[in-house]
Amino acid sequence: MRKIGLIIFLLFFMNEIIAQKKPMFLSEKKQREMRAKATELYLDLDRVSPGENGNPPSDAIILFDGTSLDKWQKPFFKYSGSMLEYHEWLPSLKEGPYVTAPADWKIENGTLVVVPEKGHLVTKELFGDVQLHIEWLAPKDEYKTGQDYGNSGIFFMGLYEIQILNSYDNETYNNGQAGAIYKQHFPLVNATQTPGNWQRYDIILVHLSFLKVVIYLIQPE
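What follows is the structure, encoded as structure tokens:
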């Protein structure tokens with residue numbers, strides 16, 4: 720009986736080993752389902768209400784609401800136009816206060832108006848990767864030409880300037896016209912309107928080990 724019992728046990732044991740070595744085949748449909756499942760992400764995303772009727776989305780930071788310059792300030796130096804100088808000044812942002820005066824541009828009928836000789840404005844809050852929506856208008860001036868006609872700009876991280884300029888029938892260098900990353904990259908097209916009309920930028924900046932800037936010049940409907 721012991722001998723028979725041993726033989727039966729070994730037979731069952733060998734069958735188990737052989738069964739484990741048998742390859743498993745999945746149907747092509749099942750394989751497709753598993754591959755699709757492996758690429759699915761399930762994340763706890765914040766819920767945001769999209770803006771309606773031209774209003775910003777619910778998670779947007781409103782930098783100018785038409786009534787106040789509370790989110791802006793005046794830098795302590797008069798920027799000469801040198802990107803190198805601006806870059807050297809940038810580290811002071813992390814060391815503490817760097818302004819000597821509040822923002823002193825004008826607000827007229829809900830519009831922020833540049834005041835000549837008053838210098839620049841900078842945001843109080845610091846930003847890294849960012850998406851910016853801005854609307855701007857270059858006033859009509861038949862006596863201005865080239866870079867003197869409605870020249871302004873938006874600096875990101877103290878390094879990259881997105882040019883604002885009347886670029887409708889106004890001759891100037893391409894990497895200095897509206898929509899250009901000033902002196903670094905020209906816009907793919909000239910989509911500007913005549914001076915005196917509101918124009919819009921939607922700018923997406925991603926600053927990682929490399930820089931990616933996407934600028935959309937969107938005309939009001």
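For what it's worth, my numbering labels the leading residue of the sequence shown as 720, then goes sequentially.
All residues carry an ideal CB built from backbone N, CA and C; glycine is no exception.
DSSP-derived helix/strand/coil call for residue i
| i | result |
| --- | --- |
| D848 | coil |
| K756 | helix |
| G872 | strand |
| L803 | Unreliable placement is indicated for L803, whose pLDDT of 46 sits below 50; the coordinate value is still reported in the next sentence. Three-state DSSP puts L803 in a helix. |
| Q912 | coil |
| K748 | helix |
| D888 | coil |
| Q866 | helix |
Nearest-angstrom beta carbon gap, residue j and residue i [assumed within contact, 8 Å]
| i | j | result |
| --- | --- | --- |
| L782 | T830 | Going by Cβ atoms, the distance from L782 to T830 rounds to 14 Å, so no, they are not a contact pair. |
| Q882 | G898 | 7 Å |
Beta-carbon spacing of residue i, residue j below 8 Å
| i | j | result |
| --- | --- | --- |
| P835 | G915 | no |
| Q903 | Y887 | no |
| E854 | R754 | no |
| E844 | K790 | yes |
| L884 | N870 | yes |
| H839 | M876 | no |
According to DSSP, residues forming a beta bridge with residue i
| i | result |
| --- | --- |
| L831 | I826 |
| A857 | Its beta-bridge partners do not exist; DSSP assigns none. |
| E880 | F874 |
| P821 | Q792 |
| I781 | According to DSSP, which records beta bridges pairwise, I781 is partnered with nothing at all. |
| T842 | W791 |
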